[in-house]
Amino acid sequence: MSKTTDYISNTMSLREPLKQSLELLDSLIVKADLIGNSKAEKKIESIKKDCSLFEEFERAFPSVCFSIATGIGKTRLMGAFVTYLVKEKGIKNFFILSPNITIYDKLKDDFGNKGAEKYVFKGLPDISNNAVIITGEDYETKGIKASEDSIQINMFNIGKINADVKTTTKDGRTLPPRIKRFRETIGDSYYNYLMNLKDLVIIMDESHRYRGERGMETLNELNPLLGIELTATPIDASTNQRFKNVVFEYGLADALKDGKYIKNPAVVTRADTDFKGMKDDEIEKLKLKDAIQMHRDTKIAIQNYVADNDFNTVKPTILVSCKDTTHAKSIFEYVTSDEFYDGEFKGKALQIDSTSKTDEQVEQLLTLEKPDNNIEIVIHVDMLKEGWDVSNLYTIVPLRAANALTLIEQTIGRGLRLPFGGKRTGVEKVDLLSIMMHDKFQEVVDAAKDKNSLLYSIGKIQLTKSDLTSKKVTVESKTKDIVELEEEEKKISQIKDKEIRKKAESQHKAKVIVNTVIRNTISNKLIQTPSELSNAKVKEKAISEIKERIKTEHADLTPKEQVAMANEAEIAYKSAVENLIKNNILIPNIKITISENKGIIKDFNLDTKKFSENILQQEFELIRETIYDHKQDKIKIQAQTLDLPEYNILELLKKKSEIDYENNSDVLYKLCGQAVAAIKASLKKPETLGDTILMYRELIANKIYEQVKTNITIEITAKSKPEAEPYSLILPWNYSKEKDDEILNFKETVSPKLLTSKVFNGFTKSCHDKYKFDSIPEKRFSEIIENANEVIKWLRPASKQFNIWYNNNSDRYVPDFVAETVNTIYLIEIKAENELEDRIVKMKEEAAINYCKNATEINKSRKEKAWKYALIPHDKTDTNMTFMKLVTEYGK
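In the working numbering, the protein residues as written are 43 to 934.
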């Protein structure tokens with residue numbers, strides 16, 4: 043890794059596969075002289091040494107392909123390549139090709155619009171301020187006029203070059219495409235101008251689309267310095283042959299295995315249903331109806347996630363693939379009819395094909411991700427290919443597919459992109475892409491048994507009868523002050539005397555405004571602690587805001603009535619503040635600025651049993667087999683010697699992202715030495731040591747790495763003193779439940795199988811009115827807390843209630859419980875006994891203990907309570923146990 047690639051990766055926040063791609067390009071340029079003057083044959087041989095998939099350039103110029111799955115960020119990688127070549131090699135001329143108008147328009151926006159959400163040069167002013175974007179529309183006026191110091195990024199749709207606008211003269215002559223016509227202003231054609239640039243680099247997006255004879259010829263004519271190809275499908279459609287110039291591959295199977303960057307696709311069918319006797323249209327209607335059930339379930343899951351995590355609303359959509367335009371029309375008419383869910387989707391479906399593509403429909407398609415777009419079902423016929431992929435597509439319905447497997451592979455890429463910052467949320471239903479297969483389900487399952495199949499990692503879902511009849515709703519778990527106001531409003535509505543009810547309503551409205559204002563005062567961090575609400579100046583400012591709100595929110599009242607409501611608000615202010623404090627646990631907001639982290643490897647000795655003869659081979663042979671009669675013979679290899687075998691392993695360990703080599707070089711070298719010594723001692727022929735290391739160095743490095751990981755600690759070498767920010771309010775929860783499911787009292791017995799789907803109430807000391815539980819021990823512990831005389835109040839914190847971070851500050855820790863007693867506030871985790879020594883559990887424990895330590899110091903200066911952490915084994919939560927015994931015995 044060079045300093046330049048490191049800088050670009052950090053600035054652009056490149057995902058790991060993209061970072062590796064950038065580092066590989068840097069390596070190829072340095073080691074293989076990729077853009078240098080050496081002969082092509084020499085470059086090819088050099089690349090082969092580091093890239094096992096690579097065979098040849100396949101073009102008349104050096105061209106390398108990066109095969110990267112849809113949704114990982116190919117456009118961002120293109121921007122990284124441009125930035126690297128400008129900064130490291132001084133290249134100023136680029137030619138970016140797109141295969142169709144959809145991708146072309148997106149690339150123009152991503153590279154040329156600094157205000158675009160996905161603008162690729164954010165944080166790179168030396169690039170963004172000097173980049174000139176030259177397009178197929180303005181190249182005649184803009185291209186040649188760009189200054190020599192500028193970075194010229196030409197962007198063309200391949201059709202612009204191959205076809206453009208061919209015209210025929212009066213005498214029957216056909217003129218060449220406009221880009222190839224002579225222009226007096228430059229004394230040549232723009233195409234020839236590009237051909238004569240000495241540092242032209244071509245970047246080909248979806249490069250499998252330029253493999254035809256005409257496309258190859260066009261690009262070869264340009265004779266660039268370098269070609270960089272990007273595609274998710276490195277296969278030549280005309281020959282069905284795999285590209286021979288792939289240097290890096292991160293395919294869909296890799297992305298699914300990593301589980302970080304794309305949705306998790308799953309095929310869906312109905313359980314216990316025989317589709318063989320059903321007609322095609324009956325199966326289609328079943329698929330569409332079941333798709334709506336999945337859609338509704340997803341919508342509820344997203345609503346809850348958005349509410350709990352302060353994200354903007356995401357509206358899930360369904361994509362329906364049809365056989366032809368007649369088929370698409372009939373499906374559109376069906377899903378917008380009264381027969382389909384009582385007409386619920388009238389005005390919410392969009393048909394996109396060659397017969398129906400109006401400007402209005404195109405606009406609806408382009409804005410599909412916007413919350414105010416009301417389209418929920420998109421019906422298409424082979425119109426939505428590369429370049430059309432949206433982050434809010436959650437359900438795909440393939441209808442009448444001749445080859446189900448091919449259709450999955452073709453359409454799955456349209457829905458893999460993730461919303462919510464492009465990361466998986468950890469909430470299964472929010473991260474899932476459902477593909478309704480029904481009658482083709484078994485075909486997919488059988489294909490998925492092949493480990494080499496794209497479908498191997500795809501999930502399988504069988505919808506049961508309860509799934510199909512399920513109607514989920516969102517339930518908000520509110521804080522006690524809000525609940526009390528709502529209950530008061532219900533009681534007031536039952537008052538029969540009109541005058542008494544009117545006065546009570548006025549008093550209640552005043553209380554609601556008071557509660558809103560004091561909550562805003564806390565959440566906007568205008569005060570440090572809720573007790574300051576009683577301060578004269580704070581109260582005066584709050585009352586002033588209350589009066590203004592009464593005027594604007596109740597403008598229908600007479601001035602006299604508004605004054606009366608304001609007086610009621612002043613009376614209610616004191617009790618509202620007291621009630622908020624009574625129902626709130628003071629949770630300190632602690633800010634720690636970390637400027638540097640170091641991963642320190644604890645000095646330890648390697649467990650060398652994993653490096654013995656029974657694990658690593660010591661004999662090395664080449665096997666040769668004849669093509670005709672398949673006869674084999676074996677050829678012994680002469681053993682090699684290595685001067686410093688440890689370094690061959692060390693080089694691989696240095697590449698591991700968790701290893702900080704500079705701060706751990708001594709211990710790493712020692713471990714490599716111990717591994718080498720153990721291997722040498724186990725060999726029958728010590729002279730084969732060199733061969734053993736060379737052949738198995740990756741396996742050896744990985745075995746060392748597994749032991750190293752358990753001995754790494756993150757040492758924060760530079761951090762600020764914990765800063766106390768104002769206390770925060772208790773955040774509400776959002777849960778989903780079956781519409782007809784009753785909310786249960788928390789003391790009721792529920793089977794473990796049903797527990798996580800149930801919502802419980804009946805708590806008297808909790809800060810919210812309702813909770814869900816992840817396990818029976820958690821539910822039992824809530825009973826222990828409720829029964830404890832020492833506990834004043836408690837809560838199950840919402841996902842963003844605490845800013846407690848672990849795993850090198852990359853993951854947020856959400857404890858199970860917070861409980862307040864007279865002198866102490868406890869942060870509590872219930873954990874399975876066999877997981878107490880788990881590495882992640884230990885990291886969470888350390889983070890929680892540090893939080894409690896800092897919170898105690900901050901509260902001490904504010905004369906508030908101390909904080910303590912307790913990690914309680916799940917098998918110690920029987921209801922005969924007392925709260926104080928558990929937090930005392932398992933407190934940290």
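Heads up, the beta-carbon is just placed ideally off N, CA and C, and yes, glycines get one too.
Cβ neighbours of VAL525 within its own chain (closer than 7 Å, five residues either side excluded): ASP811. The beta carbons of ALA743 and LEU694 sit closer together than 8 Å. In this structure, PRO857 sits away from HIS916, with a CB-CB distance that is not shorter than 8 Å. Distances from the CA of ASN625 to each of LYS545, ILE200 and ILE834 were compared; the closest alpha carbon is that of ILE834.
Excluding sequence positions up to five before and after VAL517, its CB lies within less than 6 Å of the CB of TYR777, LYS779 and VAL801, all in the same chain and listed in chain order. The DSSP-derived three-state label of PRO572 is helix.
When DSSP states are grouped into helix, strand and coil, GLU887 belongs to the helix group. With respect to the C-alpha of PRO630, the residue from GLU248, ILE900 and ALA279 having the closest C-alpha is ILE900. Within the segment 722–800, the complete alpha helix (DSSP H) runs of at least 4 residues fall at 731–751 and 794–797. Annotated three-state conformation of ALA912 is strand, per DSSP. A straight line joining the alpha-carbon of ASP431 with that of GLY457 spans about 6 Å. Residue pairing by DSSP places VAL517 opposite TYR777 in a beta bridge. Inter-residue distance for LYS329 and LYS553 is about 51 Å (C-alpha atoms, whole angstroms). In this structure ILE221 does not touch PHE137 by the C-beta definition: roughly 11 Å separates them, more than the 8 Å allowed. Per DSSP, the continuous beta strand (DSSP E) segment holding ARG312 begins and ends at 306–312.
Distance from GLU748 to PHE788 at the Cβ level is roughly 43 Å; contact not present, criterion being Cβ atoms closer than 8 Å. If you draw a 10 Å sphere on the C-beta of LEU796, you find fewer than 16 other C-beta atoms in it, and that means exposed. Counting C-beta pairs closer than 8 Å gives three or more between the segment 120–132 and the segment 152–165, which meets the contact rule. Between ILE86 and GLU98, the beta carbon gap of about 6 Å places them in contact (Cβ cut-off 8 Å). For MET246, the enclosing beta strand (DSSP E) stretches over residues 242–247. Below 8 Å, too few C-beta pairs join the segment 289–299 and the segment 333–348 to call them touching: fewer than three. Counting along the chain, HIS550 sits inside the alpha helix (DSSP H) bounded by residues 540–565.
An exposed status is given to THR594, since fewer than 16 other beta-carbon atoms sit within 10 Å of its beta-carbon. When DSSP states are grouped into helix, strand and coil, LEU392 belongs to the strand group. If you ignore the 5 residues before and after PHE353, its C-beta comes within less than 6 Å of the C-beta of PHE462, all in its own chain and listed in chain order. Between the beta-carbon of VAL439 and that of ILE360 there is about 6 Å, and that keeps the pair under the 8 Å contact cut.
The Cβ atoms of ILE325 and HIS480 sit closer than 8 Å to each other. Counting only runs of at least 4 residues, the segment 321–373 fully encloses the following alpha helix (DSSP H) elements, listed from N- to C-terminal order: 322–351.
Taking a C-beta distance under 8 Å as the contact criterion, ILE643 and ASN557 do not qualify as a contact pair. Taking 8 Å as the cut-off, the Cβ atoms of GLU688 and TYR711 count as close. Sequence-distant partners of GLY113 (beyond 5 residues in either direction) whose C-beta falls short of 6 Å from its own C-beta, in its chain, are ILE304, LEU458 and ARG459. Beta-carbon to beta-carbon, LEU731 and ILE746 are separated by about 17 Å, too far to satisfy the 8 Å threshold. Taking the Cα of ASP350 as reference, the smallest distance to any Cα among GLU530, VAL469 and PRO266 is reached at VAL469.
With respect to the C-alpha of ASP48, the residue from GLU888, ARG561, LYS129 and LYS633 having the closest C-alpha is LYS129. In the structure shown, LEU869 falls within a strand segment according to DSSP collapsed to helix, strand and coil. Note on geometry: alpha-carbon atoms of GLU590 and GLU862 lie some 37 Å from one another.
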